[in-house]
Amino acid sequence: MLDQVFERENYVVMKKMLDVAHRKHQAIAGNLANVETPGYKRQDIRADFASELQRAAKVNNVEAIQKLDASMELDLKSPAVRPDGNNVQIDKELLEMTKNATEYRFLSQYASTSLGRLKTAITGRVS
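If you number the sequence shown the way this note's numbering does, the last residue is 189 and the count never jumps.
Set out below in structure tokens:
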């Protein structure tokens, strides 16, 4: 029975978004670590991922959501900020890290609240 609950579209989307937030945090950390690396190009989650997730969620396609790959891609559109071609802007990365951390906290709080409601429904007790 619980498997059916965790295979519902809202839980699958939430899990995918938590995974993506984790990967994005790794990308940002890597970008910050390479802010002084000559020729380094910043990385991010591929640009079309969000629209693909939104499309799959709109039609409740759980399989498509689960299969979506939040792979990394080089950001070749951002202008170089150093003569050696490095395009990492430290202030932009720190802002992205803060935004991503906020989204992750929201998603994890949502997950916790949802699971708490499920526990209450199962046990009949509010903890």
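Glycine residues also receive a C-beta, built at the ideal position from the N, C-alpha and C atoms. Owing to the predicted nature of the structure, the values given are computational and were not obtained by experimental measurement.
**OP:** Would you decide whether GLU125 is buried or exposed? Buried here means 16 or more other CB atoms lie within 10 Å of its CB.
**Re:** If you draw a 10 Å sphere on the C-beta of GLU125, you find fewer than 16 other C-beta atoms in it, and that means exposed.
**OP:** Inspect the CB distances between the region 144-151 and the region 125-134 and report whether three or more fall short of 8 Å.
**Re:** At 8 Å Cβ cutoff, the stretches do not touch.
**OP:** Below 8 Å CB to CB, which residues in the same chain sit around MET76 once its five sequence neighbours on both sides are set aside?
**Re:** Annotation for MET76: LEU169, TYR172, ALA173, SER176 place their beta carbon closer than 8 Å to its own, counting only its chain and skipping 5 residues before and after.
Original post:
Using the C-alpha atoms, what's the distance from GLY178 back to MET63?
Top reply: Caution applies to MET63, whose pLDDT of 49 falls short of 50 and renders its modelled position unreliable; the model cannot decide the point.
**OP:** Out of ALA183, THR164, LEU157, state which residue places its alpha-carbon closest to the alpha-carbon of LEU94.
**Re:** When only C-alpha atoms are compared, the closest one is LEU157.
**OP:** Could you tell me if ASP81 is buried or exposed, where buried requires 16 or more neighbouring beta carbons within 10 angstroms of its beta carbon?
**Re:** Exposed is the call here.
**OP:** Just the C-alpha distance for HIS84 and TYR166, rounded to the nearest angstrom, thanks.
**Re:** When rounded, the distance between both Cα atoms is 8 Å.
Original post:
At which residues does the alpha helix (DSSP H) containing LEU157 begin and terminate?
Top reply: Where LEU157 is concerned, the enclosing alpha helix (DSSP H) stretches over 152-185.
Original post:
For the candidate residues LEU138, ALA142, SER133, ASN123, whose alpha-carbon lies nearest to that of LYS86?
Top reply: Cα-wise, what sits closest to LYS86 is SER133.
Original post:
So what's LEU138 in DSSP terms, helix, strand or just coil?
Top reply: Residue state, collapsed to three classes: coil.
**OP:** Express the C-alpha separation of PRO100 and ALA118 in angstroms, rounding to a whole number.
**Re:** Answer to the nearest angstrom: the Cα atoms are 39 Å apart.
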